[in-house]
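Residue numbers (numbering that gives the first Met the number 0): 0 to 602.
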Amino acid sequence: MQTKLFTQQIQNNIINLLNSKQFKNADDYIDIHLSQDKMNANLWHLKSIANQGLGNLEQCMSSIQKTLKLNPKHLPALANLAKLHSHNNNIDDAFSVYKKILVLSKNDISALFHIGVLLNDRKQYKKALVYLLKANQLNSQDINIKIALGQSYLNTDDLVNALNLFNQVLLIQPNNLSALNNKGISLKRQCLWPDAINTLQLALELSPSNIEIIKNLASCHTLNGEYQASKDLYKQAVSLNPLDIDAHHWLNQILWENKDPEFLDSYKYALKKYNQSTELMLSMGHKLFLAGEYLQAKEILEQSIDLNGSHYPTLIKYAVVLRELGDLELSHSIINKASKYGGHDLLVQEELAISLLSIDKPRQALKILNKLLKAQLNNQGLFAYKSIALKLLNSAEYDYFCNYDHVLMSEISIPKGFSSLKDFNVSLVDTLRDYHHAKTNPLDQSFISGSQTSEKLFDYHVPIIQQLRTAFREQTSEFFSKLPKDNKHPILAKNTGKLIETDSWSVILHNAGFHKNHHHPAGWYSGPYYAQTPKIINNNKDKQGWLKLGQPGFKMMTQLEPDRIIEPKEGLMIRFPSYFWHGTIPFKSNEERITVTEDIKPI
0 MQTKLFTQQI QNNIINLLNS KQFKNADDYI DIHLSQDKMN ANLWHLKSIA
50 NQGLGNLEQC MSSIQKTLKL NPKHLPALAN LAKLHSHNNN IDDAFSVYKK
100 ILVLSKNDIS ALFHIGVLLN DRKQYKKALV YLLKANQLNS QDINIKIALG
150 QSYLNTDDLV NALNLFNQVL LIQPNNLSAL NNKGISLKRQ CLWPDAINTL
200 QLALELSPSN IEIIKNLASC HTLNGEYQAS KDLYKQAVSL NPLDIDAHHW
250 LNQILWENKD PEFLDSYKYA LKKYNQSTEL MLSMGHKLFL AGEYLQAKEI
300 LEQSIDLNGS HYPTLIKYAV VLRELGDLEL SHSIINKASK YGGHDLLVQE
350 ELAISLLSID KPRQALKILN KLLKAQLNNQ GLFAYKSIAL KLLNSAEYDY
400 FCNYDHVLMS EISIPKGFSS LKDFNVSLVD TLRDYHHAKT NPLDQSFISG
450 SQTSEKLFDY HVPIIQQLRT AFREQTSEFF SKLPKDNKHP ILAKNTGKLI
500 ETDSWSVILH NAGFHKNHHH PAGWYSGPYY AQTPKIINNN KDKQGWLKLG
550 QPGFKMMTQL EPDRIIEPKE GLMIRFPSYF WHGTIPFKSN EERITVTEDI
600 KPI
């Protein structure tokens, strides 16, 4: 009995030293007692904590291992081991230990929480929900669990539950920075931009130099049509961290869309101080490429390659620029060089396949694409490039792959409250104009000369837009219910009959505007609805403003023609597999061409 009391007193003394962060004194005290009792697992566990406090992580690991050798079911030691694995970025090992804890104690709240956080970090949000929901049920007062669970909901588009959890945290801690930031993001995603701005402004007042909050607030001002406020905030973010590529990206996106002469100045400013940053040079080169300044893009990328010739993302972008300039053979040689440094990267393999297509080597390209598709069955981009390989080979599989019987072309039904589609379209166009804030097309989109709405259009809380969404669903549901069954077909095999919109937006094309040939990587089926068309489109001879299907969007030795050219008509919706290449023919008119487009996928 005296020994137990004595041991408990020793442990209490050690714990008091650890709690007061007297780690050296604690370690010395533990060593004295370990010299008399080396088989005491609790002493070794406490020593591991002292080691960790002193920054001696190797000794910490050694002490944990000795603890677990003496007692393999020592839960505090297992928890410490998992945290140490996480600290060392050995995430798989951390998972394994946390799961072992749950085998020993299925309701261990800490293990449930940490597994959820690790899964969130890996963007496995649905899996994270399982653990975090249970942790929250076991301890509904823990703020950290609520925030992590809210982040899982946020990233699975359950915005209502996410917002509810962040509000619960803020009732307890009104100044909780993480909850304010995540609440702002939730409100932004629900297109409640003024509310998001107010929330993020509160967060910024608490942490004025927090770059993530600055960028989130800036994006909300952009969405709310407040260009100057957004610009000032993004410039502040770049000033705080000139190496923040994300801040440069979004700043220059809005500068371009608003035809601001400061476009790319942030890169130039940053490169004066960080003139050997390959990431800055790559990002600037990409922006120049998107802006159509191919020679300037080539120059900055060559400077970067001179500094680091093995940086394969830069080599890839350089090869793409060369291909656009028409130097297909040199482009291919650069892609081959990139594959030596980053051959394991799926993007490198995809670009190698595209390059092979561009120089008329479709069989070699097809071999790569088929291999990639085994690992990425839902990658629409790979299917798009595979279709070009099949087309170059004049393969019968192309007609199976790109079957135009699988294209929907239909007028929508007249929504309630309107006497005709023309009446509906007039009101729809008037509403859409309120959300086209930019002066020109987004830098990273497929069209030239026009503007585009931001975020997901069908998330807007606007009645007429929701009526359009309903009309789309009616037409698509009927169409997909009649498609044939085919478990081997990349589209038909996935047809469950239940659909969800993954994205939606409106585009206004101005005089000389057009869509470059492209495909939609985020969809399953995609396509436009024509709310307004210029009269010039009715000219069958020139086919100005008409939709093209089946023509690739990259430079090639062999010039492939479209499979179909379709006349747009007001009230018409078209849906085609998202991997179908599509673009439009430019039109000359002062009348605008206005569309609403969506990507959808089965659930």
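Glycine included, every Cβ here is placed at the ideal spot set by N, Cα and C.
Computed from a predicted model, the values in this text were never measured in an experiment.
TODO: Tell me where the beta strand (DSSP E) around residue 590 begins and ends.
DONE: The sequence position of residue 590 within the sequence shown is 591, counting from 1. For residue 590, no beta strand (DSSP E) segment is defined, and its DSSP state is neither H nor E.
Task: Sequence-distant residues of its chain with Cβ nearer than 7 Å to residue 561 (five each side left out) - done: For this step, residue 561 is matched to residue 562 along the sequence shown. Closer than 7 Å at the Cβ level, and outside the excluded window around residue 561, lie 547, 548, 549, 550.
Task: Close Cβ partners of residue 251 (< 7 Å) along its chain, the five nearest in sequence each way excluded - done: On the sequence shown, residue 251 is found 252 positions in, with the first residue counted as 1. Excluding sequence neighbours, residue 251 sits near 262, 263, 265, 286.
Open item on the list: If contacts are defined as beta-carbon pairs under 8 Å, then residue 53 and residue 13 qualify, I think. What distance do you get, rounded to the angstrom?
Closed with: Mapped onto the sequence shown, residue 53 falls at position 54. Mapped onto the sequence shown, residue 13 falls at position 14. In fact, because the Cβ distance is near 14 Å, the residues do not count as touching under 8 Å.
Open item on the list: Counting C-beta neighbours from all protein chains within 10 Å, is the total for residue 291 16 or more, i.e. buried, or is it exposed?
Closed with: For this step, residue 291 is matched to residue 292 along the sequence shown. By the 10 Å Cβ count, residue 291 comes out exposed.
Task: Residue interval of the alpha helix (DSSP H) (run including residue 96) - done: Counting from one through the sequence shown, the residue named residue 96 turns up at place 97. Counting along the chain, the unbroken alpha helix (DSSP H) around residue 96 starts and ends at 90-103.
- [ ] Have a look at residue 25 and residue 36 and give me their C-alpha separation to the nearest angstrom.
- [x] As a first step, residue 25 is located in the sequence shown; it is residue number 26 there, counting from the start. As a first step, residue 36 is located in the sequence shown; it is residue number 37 there, counting from the start. Looking at the two C-alpha atoms, the distance is approximately 16 Å.
Open item on the list: Is residue 578 close to the ligand COA? I mean its beta-carbon at under 8 Å from any heavy atom of the ligand.
Closed with: No copy of the ligand COA occurs in the structure displayed, which carries no ligand at all.
TODO: Compute the Euclidean distance between the alpha carbons of residue 494 and residue 515, then round it to the nearest angstrom.
DONE: Counting from 1 along the sequence shown, the entry for residue 494 is found at position 495. Counting from 1 along the sequence shown, the entry for residue 515 is found at position 516. Here the alpha carbons of residue 515 and residue 494 stand approximately 28 Å from one another.
TODO: Please report the Cβ distance between residue 570 and residue 424, rounded to the nearest whole angstrom; I am assuming they are in contact, meaning their Cβ atoms lie under 8 Å.
DONE: Within the sequence shown, the letter at position 571 stands for residue 570. Within the sequence shown, the letter at position 425 stands for residue 424. That belief holds up - the Cβ atoms of residue 570 and residue 424 are roughly 7 Å apart, short of 8 Å.
Open item on the list: Using C-beta distances below 7 Å, list every residue in its chain close to residue 328, excluding the 5 sequence neighbours before and after it, in chain order.
Closed with: Your numbering for residue 328 matches position 329 in the sequence shown. Correct list, in chain order: 358.
TODO: Could you tell me the boundaries of the beta strand (DSSP E) in which residue 492 lies?
DONE: As a first step, residue 492 must be located in the sequence shown, where it is residue number 493. That residue, residue 492, is in no beta strand (DSSP E); it is neither H nor E in DSSP.
Task: As assigned by DSSP and simplified to three states, the class of residue 224 - done: As a working mapping, residue 224 is identified with position 225 in the sequence shown. Note: residue 224 maps to coil in three-state DSSP.
Open item on the list: Rounding to the nearest angstrom, what Cα-Cα distance links residue 466 and residue 300 in this structure?
Closed with: In the sequence shown, the residue the question calls residue 466 occupies position 467. In the sequence shown, the residue the question calls residue 300 occupies position 301. Cα to Cα, the separation comes out at about 47 Å.
Open item on the list: What does the alpha-carbon distance come out to for the pair residue 92 and residue 121?
Closed with: The residue you call residue 92 lines up with position 93 of the sequence shown. The residue you call residue 121 lines up with position 122 of the sequence shown. Separation of residue 92 and residue 121 (C-alpha to C-alpha, rounded to the nearest whole angstrom) is 14 Å.
Open item on the list: Tell me the rounded alpha-carbon separation between residue 48 and residue 132.
Closed with: Here residue 48 refers to the residue found at position 49 of the sequence shown. Here residue 132 refers to the residue found at position 133 of the sequence shown. Going by C-alpha positions, residue 48 is about 30 Å away from residue 132.
Task: Cα-Cα separation, residue 369 to residue 167 - done: The residue labelled residue 369 in the question sits at position 370 within the sequence shown. The residue labelled residue 167 in the question sits at position 168 within the sequence shown. A straight line joining the alpha-carbon of residue 369 with that of residue 167 spans about 49 Å.
Task: Host beta strand (DSSP E) of residue 500 (start-end) - done: Position 501 of the sequence shown, counted from the first residue, corresponds to residue 500. For residue 500, the enclosing beta strand (DSSP E) has its first and last residue at 498-514.
TODO: Can you grab the Cα-Cα spacing for the pair residue 606 / residue 221, in whole Å?
DONE: Since the first residue of the chain shown is 0 and the last is 602, residue 606 is not available in this structure.
Open item on the list: If the criterion is Cβ atoms closer than 9 Å, does the pair residue 189 and residue 458 meet it?
Closed with: Here residue 189 corresponds to residue number 190 of the sequence shown, with the count starting at 1. Here residue 458 corresponds to residue number 459 of the sequence shown, with the count starting at 1. Going by C-beta atoms, residue 189 is nearer than 9 Å to residue 458.
TODO: Tell me where the alpha helix (DSSP H) around residue 144 begins and ends.
DONE: To locate residue 144, count along the sequence shown from 1; it is residue 145. Where residue 144 is concerned, the enclosing alpha helix (DSSP H) stretches over 142-153.
TODO: Determine contact between the stretch 424-442 and the stretch 530-543, defined as no fewer than three beta-carbon pairs at a distance below 8 Å.
DONE: Counting Cβ pairs under 8 Å, three or more are found: they touch.
- [ ] Pair every Cβ in the stretch 397-409 with every Cβ in the stretch 594-601, then say whether three or more of these pairs are closer than 8 Å.
- [x] Too few Cβ pairs lie closer than 8 Å, so no.
TODO: Tell me where the alpha helix (DSSP H) around residue 183 begins and ends.
DONE: Along the sequence shown, read from residue 1 onward, the residue named residue 183 stands at position 184. 176-188 is the span of the alpha helix (DSSP H), which, as asked, contains residue 183.
Task: Simplified DSSP assignment, three categories, for residue 283 - done: For the purposes of this step, residue 283 is taken as the residue at position 284 of the sequence shown. Helix at residue 283.
- [ ] Work out the CA separation of residue 200 and residue 184 for me, nearest whole Å.
- [x] Here the question's residue 184 lines up with position 185 in the sequence shown. Here the question's residue 200 lines up with position 201 in the sequence shown. One C-alpha to the other measures close to 12 Å.
TODO: Express the C-alpha separation of residue 267 and residue 17 in angstroms, rounding to a whole number.
DONE: Along the sequence shown, one-based indexing puts residue 17 at 18. Along the sequence shown, one-based indexing puts residue 267 at 268. Distance between the alpha carbons of residue 17 and residue 267: 50 Å.
Open item on the list: By DSSP's criteria, residue 525 is part of a beta bridge. Which residues make up the other side?
Closed with: Working through the sequence shown from its first residue, we reach residue 525 at position 526. In DSSP, residue 525 forms a bridge with 575, 598.
Task: Which listed residue (331, 302, 487) has its alpha carbon closest to that of residue 556 - done: In the sequence shown, the residue the question calls residue 556 occupies position 557. The shortest C-alpha separation from residue 556 is found at 331.
Open item on the list: On the criterion of 16 or more Cβ atoms from any shown chain inside 10 Å, does residue 273 qualify as buried, or is it exposed?
Closed with: Residue mapping note: residue 273 aligns to position 274 of the sequence shown, counting from 1. Counting Cβ neighbours within 10 Å, residue 273 comes out exposed, since fewer than 16 surround it.
Open item on the list: Looking at residue 339: is its Cβ nearer than 9 Å to the Cβ of residue 365?
Closed with: Here residue 339 refers to the residue found at position 340 of the sequence shown. Here residue 365 refers to the residue found at position 366 of the sequence shown. No, the pair does not count as a contact, with Cβ atoms beyond the cut-off.
Task: Own chain, CB closer than 8 Å to residue 497, minus 5 neighbours either side, in chain order - done: Translated into the one-based positions of the sequence shown, residue 497 becomes position 498. In its chain, beyond the 5 residues on either side, 601, 602 have a beta carbon closer than 8 Å to the beta carbon of residue 497.
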